[in-house]
Amino acid sequence: MIRLDKALAHMGYGSRKEVKELIRKGYVKVNEEVVLNDDYKIEETDAITIYDENIHYETYKYYLINKPQGYISATISDNYPTVLELVPYYNGLFPVGRLDIDTEGLLIITNDGALAHNLLKPKHEVEKEYYFRYTGTLVADAVQRCLNGININNEYISKPAKLEIINEEEGEIIITEGKYHEVKRIVQELGGEVIYLQRIRMKNLTLANLGLGSWRELTIEEIQKLKE
Ligand code: URA
């Protein structure tokens, strides 16, 4: 059971405030009856219409986790625990994109395929920000080379990335694509070797105070912003 206004907002029919307005104006029916109170509880078998058009209610889950090392970003694995083991079970969950087994940090786990597709679509250039520690010495023009795009082992040119060298051991980088080992390979092309990698931001989401191995559900506002 879920509140009608919450379900409609989840499904993208507006902010919580906007869908409450739709309900109060009598545009929403449940099982052919107009429902005027927004805290009315519905379940998946209920037939819901807005402006007399049928909508299908599916429950989407959106978890944000702080992935520890040792977990793989997959739904099944014989050898390692998967990131799905870090969140409460729900049907159809999968991670949005991948973090390497030894990478820590921010990962979204959901069963909303459309949202995942939008976030991962290269042309949407969703920003992903990483903190890293490295060994070796980065070339003097590393920041500019990242902005220009880096030739990765003659396989592809990375899209412009914003690099900040914090000191001789630490840096941060913002990339907008998600190629295999991309951050590690960019740093390697620049003369360093990543020895610790953590994703600290994806689009509007940051880790904030979420502890390693912990999860929380995204808020409606966060989900809506992710969809923009
Ligand atoms: N880039 C990497 O090299 N590894 C990750 O896990 C993510 C981005």
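Mapping of the sequence shown onto the numbering used here: residues 619 to 846, in sequence order.
Positions of the beta carbon are idealized from the N, C-alpha and C atoms, including for glycine.
Review point. Is P706 buried or exposed, if buried means 16 or more other CB atoms sit within 10 Å of its CB?
Key: By 1-based counting over the sequence shown, the position of residue 706 is 88. Burial call: exposed.
Point to revise | Whole-number beta carbon distance between K780 and I792, since they are thought to touch under 8 Å | key: Sequence index remark: in the sequence shown, residue 792 carries index 174 (1-based). Sequence index remark: in the sequence shown, residue 780 carries index 162 (1-based). Yes, they are in contact, since the Cβ atoms of I792 and K780 sit about 4 Å apart, within 8 Å.
Check your understanding: Quick one, which of G715, L808, E703, L717 has its alpha-carbon nearest L765's?
Key -> As a working note, residue 765 is residue 147 in the sequence shown. Taking only the C-alpha atoms, the option nearest L765 is L808.
Review point. Along the chain, where does the alpha helix (DSSP H) that runs through Q687 open and close?
Key: Here residue 687 is taken as the residue at index 69 of the sequence shown, counted from 1. Segment: none, Q687 is in no alpha helix (DSSP H) and carries neither H nor E.
Practice item. Return the CA-CA distance between T794 and S832, expressed in angstroms with no decimal places. Key: Within the sequence shown, residue 794 is the residue found at index 176, counting from 1. Within the sequence shown, residue 832 is the residue found at index 214, counting from 1. If you take the alpha carbons of T794 and S832, they lie about 25 Å apart.
Practice item. May I ask you to check if the CB of G796 is nearer than 8 Å to at least one heavy atom of ligand 1? Key: To locate residue 796, count along the sequence shown from 1; it is residue 178. For ligand 1, at least one heavy atom lies less than 8 Å from the Cβ of G796.
Check your understanding: Given V637, which residues of its chain have a CB within under 7 Å of its CB, disregarding the five upstream and five downstream residues?
Key -> On the sequence shown, residue 637 is found 19 positions in, with the first residue counted as 1. So the list reads D623, L626, A627, Y631, once near-sequence residues are dropped.
Review point. Among Q762, Y748, N785, R803, which has the Cα closest to the Cα of N772?
Key: For the purposes of this step, residue 772 is taken as the residue at position 154 of the sequence shown. That would be R803, whose Cα lies nearest to the Cα of N772.
Review point. So, L828 versus T721, is the Cβ gap smaller than 9 Å?
Key: Within the sequence shown, numbered from 1, the residue matching residue 828 stands at position 210. Within the sequence shown, numbered from 1, the residue matching residue 721 stands at position 103. No, they are not a contact pair.
Review point. Among I768, Y748, N649, which one has its Cα closest to the Cα of Q806?
Key: Walking along the sequence shown from the start, residue 806 turns up at place 188. Nearest option by C-alpha distance: I768.
Review point. G715 and L738 look like a contact to me (Cβ under 8 Å); what is the Cβ gap, rounded to whole Å?
Key: On the sequence shown, position 97 is the one that residue 715 refers to. On the sequence shown, position 120 is the one that residue 738 refers to. At roughly 6 Å, the Cβ-Cβ gap stays under 8 Å, so G715 and L738 are in contact.
Exercise for review: Return the Cβ separation of V849 and I666 in integer angstroms, given the expectation that the two are a contact with Cβ distance under 8 Å.
Suggested key: Past the edges of the chain, shown from 619 to 846, lies residue 849, and the structure says nothing about it.
Review point. Under the three-state reduction of DSSP, which class applies to G810: helix, strand or coil?
Key: Start at 1 with the first residue of the sequence shown, and residue 810 comes out as number 192. Residue state, collapsed to three classes: strand.
Exercise for review: List the residues that DSSP assigns as beta-bridge partners of M820.
Suggested key: Against the sequence shown, residue 820 aligns to sequence position 202. Paired residues: K746, L823.
Check your understanding: Curious, which full-length beta strand (DSSP E) runs of at least 3 residues does the region 661 to 705 contain?
Key -> 666 to 668, 671 to 673, 680 to 685
Review point. Does the distance from the C-beta atom of E835 to that of N822 stay below 9 Å?
Key: Locating residue 835 in the sequence shown gives position 217, counting from the first residue. Locating residue 822 in the sequence shown gives position 204, counting from the first residue. Not in contact: E835 and N822 (Cβ atoms no closer than 9 Å).
Check your understanding: For H799, is the beta carbon positioned less than 8 Å from some heavy atom of ligand 1?
Key -> Residue numbering aside, residue 799 sits at position 181 when the sequence shown is read from its first letter. H799: yes, Cβ under 8 Å from ligand 1.
Point to revise | Range of the contiguous alpha helix (DSSP H) that encloses V637 | key: The residue labelled residue 637 in the question sits at position 19 within the sequence shown. Unbroken alpha helix (DSSP H) run through V637: 634 to 642.
Review point. Is there at least one non-hydrogen atom of ligand 1 closer than 8 Å to the beta-carbon of T700?
Key: As a first step, residue 700 is located in the sequence shown; it is residue number 82 there, counting from the start. Because no heavy atom of ligand 1 lies under 8 Å away, the Cβ of T700 does not count as near it: no.
Point to revise | Exposed unless 16 or more other CB atoms sit within 10 angstroms - verdict on V744 | key: Here residue 744 corresponds to residue number 126 of the sequence shown, with the count starting at 1. Counting Cβ neighbours within 10 Å, V744 comes out buried, since at least 16 surround it.
**Study point:** Supposed contact pair Y774 and K797 - C-beta distance, whole angstroms, cut 8 Å
**Key:** By one-based count along the sequence shown, residue 797 stands at place 179. By one-based count along the sequence shown, residue 774 stands at place 156. Confirmed, about 7 Å.
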